[in-house]
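First to last, the protein sequences are chains A and B.
Using my numbering, read the first sequence as starting at 1299 and increasing by one per residue.
Using my numbering, read the second sequence as starting at 66 and increasing by one per residue.
Ideal placement from N, C-alpha and C gives every residue a C-beta, glycine not left out.
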Amino acid sequence: MPASDQQSTGHDSPNPNDGTPVEEMSALQKNPERSKLPSGSMAIGRGQTAFSRRRFIGGQCAVLGVAALGNIATGSIFAVAGRGTRSDNSENPFAYRVDRFEQTDPKLIGYVEARRFKSPCAEPRRMAIGGDERIYLAGEKRICVIRPKGSVAAEIGLAAPPQCVAVANEVFYVGFKDHIEVYAANGKRKAVWETLEGNPYITGLTVAENELFAADSGNRVVIRYQLDGKIAGRIGARDREAGMVGFVLPSPNLDVETRGDGVIYVNNPGRHRVECYSVAGDLLKWWGKPSAAIEGFCGCCNPIGLALLPDGRFVTCEKGLPRVKVYNANGEFDCVVAGPESFRENARAGAGSTSDPARIGLDAAVDSKGNVYVLDRVTGNIHVMVPKAKSDGAR
Amino acid sequence: MAEQENRSAPVTRRDFLRQGSRVAALTGLGGVAGLLASKLKAETLVWQIDPAKCLRCGRCATECVLKPSAVKCVHAFALCGYCELCTGYFVPEPNELNTAAENQLCPVSAIKRRWIEDPYYEYTIDETLCIGCGKCVEGCHRFGNGSLFLQVRHNLCLNCNECSIARACPGDAFRRVPVSQPYLLKTSYSHG
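Next comes the structure, spelled out in structure tokens:
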């Protein structure tokens, strides 16, 4: 008999003469169950591959399991190798650095946040403060009237998204993209003014005793209205022959304000300045300079919003480095209301990231006490900023 | 009774192996067919950057197998403000608004500035110089309209099976697009 034929198949009895190690034999002898045929299996002649089906399947499962685990492990390793640096973005050798401008010197901050509340409407754009100190907020498809503490006093539904709002005695004016509507204080619509021609995009309103001024970003002009809706004139239009460059607006952020003294104030973002016009349209003076530093207007096109303090000073809003600052009546930097550190999410949003540039940046309004209300269009928060000198009293 | 006996009859090794072979063969065929199908699909697609997802991380410049990278800055002129102070062109605090090297943001001076009329300037990209770092894109995106953005230029791209930039992209901005529409251009203020 060939030697190979004499080898045991595992379920044969051990043979002391076939070369099986003594230790193994003794183990088999100690545990005779191991030499029995497992249930459900059978011996196949004297073949050397006589596995039981259970053992075979078990072995296959084990192999597959190990392979799968190995695959997952190697996959993970490759994934880690390939993407290990994905989340680590701190080593960008080409990083655009404006970090040094994102933190405001505390000595320059002249206001403190007294309170903050969430805008009741989505996509807030601009706001105004009425004589009753209530906030009129334009957003979504409505005007929200908010009490100074943040509770909603009224909501007026609109047919289209409003871009801006201005408040006068017992009425308020809503600027839509291409026309203006007049509403009574109770929310009833009183008038719809004529749709503007050209490429209108109304983004700012201000009202004086007998006139209303609308900043039309699309046509790059401020429109002077009588309160019955008739157009009385256009201010700031480009005039090549007269050497008037006009308003430079890379994005639709023209704003207009007046104290009702025959002078209107308009931001000219592309020229980084605030311009003062007579109601007849004459450019009286301008101030402002481009700079990422705190005293200037940063980026390509700022300021994007204006508000007037009762004492003659100006409040300006910027995007990119979202910050709100105060300039004196001569246009000299006075103090910071809130710096970029107050609007982190707004800064991250970035101007080029949205389908609607009017939905980024900030807007500001001022109440009769000189408190500044800042609207963060990205987060929808309204920050109520009070001057530091009287912050304790306001709180 | 006979049926019960059949059910309890053990499977022979031969039957088991036969069935196993069939399953293995079918699985193999399916795998080959899938592989062929995916290969066929890959041939009609090319890599491109989704501008809406791009984080301007700089890896397009450092990870591409080509030096300089096949990724270049492109300009959507319809979105551009033609700003005098372009934040994609100038460093954040330039000394002067002129073309002096120290005022330029681009590390390789790949952006050309041309006066159009007061106060408007046109900015164009010299793709032979551009390394695809995205620094200008971040500047434009941060302050401006986002008219500058990055795209894989297919006259340069090797269309690697596994794009090395895509593997490193932290924003998962790389995706396969049909070769018939190989660019994801910006046509409005929104990306893509």
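**Message:** Any beta carbon from chain A within less than 8 Å of E192/B's own beta carbon?
**Reply:** No, its Cβ sits nowhere closer than 8 Å to a Cβ of chain A.
**Item:** CB of Q113/B within 8 Å of CB of P235/B, strictly
**Value:** no
**Prompt:** Between F1641/A and A1436/A, what straight-line distance do the alpha-carbon atoms span, to the nearest angstrom?
**Reply:** 20 Å
**Asked** Span of the alpha helix (DSSP H) holding C125/B?
**Response** R124 to E128
**Asked** Do you know offhand how far T152/B's Cα is from R1440/A's?
**Response** The alpha-carbon separation between T152/B and R1440/A amounts to approximately 35 Å.
**Asked** Quick one, which residues of the segment 191 to 213 of chain B are near chain A if we go by CB-CB under 8 Å, in chain order?
**Response** C198, G199, K200, E203, G204, C205, H206, R207, F208, G209, N210, G211 and S212
**Item:** Spatial distance of S1374/A from L215/B (CA atoms)
**Value:** Bear in mind that a pLDDT of 42 at S1374/A, under 50, signals an unreliable position, so the model cannot answer this.
**Request:** Could you tell me whether the Cβ of N1565/A comes closer than 8 Å to any Cβ of chain B?
**Result:** No, N1565/A does not count as interfacial toward chain B.
**Prompt:** Whose CA, out of F142/B, G96/B, A98/B and L223/B, lies closest to the CA of V136/B?
**Reply:** L223/B
**Asked** If you run the structure through DSSP and keep just helix, strand and coil, what is F81/B?
**Response** Collapsing the DSSP output to three states places F81/B in a helix.
**Asked** For C205/B, which three-state DSSP category applies?
**Response** helix
**Request:** Rounded to whole angstroms, what's the CA-CA distance from R1424/A to L100/B? Just pull it up for me.
**Result:** 56 Å
**Endpoints, beta strand (DSSP E) assigned at I230/B** = Per DSSP, I230/B belongs to no beta strand (DSSP E); it is in the alpha helix (DSSP H), S229 to A233.
**Prompt:** How long is the line joining the alpha carbons of A259/B and C205/B, rounded to whole angstroms?
**Reply:** Residue 259/B lies beyond the residue range present for chain B, which begins at 66 and ends at 257; the question has no answer from this structure.
**Message:** Under 8 Å: do the segment 1461 to 1468 of chain A and the segment 1497 to 1516 of chain A share three or more Cβ pairs, one atom per stretch?
**Reply:** yes
**Prompt:** Which residue or residues does DSSP assign as beta-bridge partners of E1298/A?
**Reply:** Residue 1298/A falls outside the range modelled here, since chain A spans only 1299 to 1693, and no answer is possible.
**Sequence-distant residues of its chain with Cβ nearer than 8 Å to D1632/A (five each side left out)** = G1408, R1611, K1623, V1624, Y1625 and N1626
**Message:** If you reduce the DSSP assignment to three classes, tell me which class V1450/A lands in.
**Reply:** strand
**Asked** According to a CB-to-CB cut-off of less than 8 Å, which residues of the segment 78 to 90 of chain B neighbour chain A?
**Response** R78 and F81
**Prompt:** Smallest Cα separation from D237/B: which of V88/B, R121/B and R83/B?
**Reply:** R121/B
**Request:** Determine, using beta carbons only, whether R1621/A comes closer than 8 Å to chain B.
**Result:** no
**Prompt:** Quick one: Cα of G1534/A to Cα of V1520/A, how far?
**Reply:** 6 Å
**Asked** Counting only beta-carbon atoms, is Y1394/A nearer than 8 Å to chain B?
**Response** yes
**Request:** Give the straight-line distance between the Cα atoms of A1578/A and G1531/A, rounded to the nearest whole angstrom.
**Result:** 8 Å
**Prompt:** Can you find a CB in chain B that lies within less than 8 Å of the CB of R1569/A?
**Reply:** yes
**Prompt:** Among the residues of its own chain, which have a CB less than 7 Å from the CB of E187/B, if the five just before and after it don't count?
**Reply:** Y147, R179 and I181
**Message:** Please report whether the beta-carbon of S1576/A lies at a distance below 8 Å from any beta-carbon of chain B.
**Reply:** no
**Prompt:** Using the C-alpha atoms, what's the distance from L1406/A back to C119/B?
**Reply:** 36 Å
**Prompt:** Cβ of D115/B within 8 Å of Cβ of L249/B?
**Reply:** It is a contact, given that the beta carbons lie within the stated cut-off.
**Asked** Can the beta-carbon of I196/B be found closer than 8 Å to that of P133/B?
**Response** Closer than 8 Å, so yes.
**Asked** Would you report the Cα separation of A1452/A and E1492/A, rounded to the nearest angstrom?
**Response** Going by the C-alpha atoms only, they are around 27 Å apart.
**Request:** Check whether the Cβ atoms of D1665/A and L1673/A lie closer than 8 Å to each other.
**Result:** Result no, Cβ atoms of D1665/A and L1673/A do not sit closer than 8 Å.
**Message:** Just to confirm my understanding: we take K251/B, look at its own chain, exclude 5 residues before and 5 after, and list those with CB closer than 8 Å. What are they?
**Reply:** P116, A141, L144, G211, S212, F214 and G257
**Message:** I want to verify the contact list: residues of chain B whose CB lies under 7 Å from the CB of P1548/A, in sequence order.
**Reply:** G146, C148, G209 and N210
**Asked** Can you tell me whether DSSP reads A1285/A as helix, strand or coil?
**Response** Examination of residue 1285/A is not possible in this model, given that chain A is present from 1299 through 1693 alone.
**Message:** Under 8 Å, Cβ to Cβ, is there at least one residue of chain A near E187/B?
**Reply:** The beta carbon of E187/B sits no closer than 8 Å to any beta carbon of chain A.
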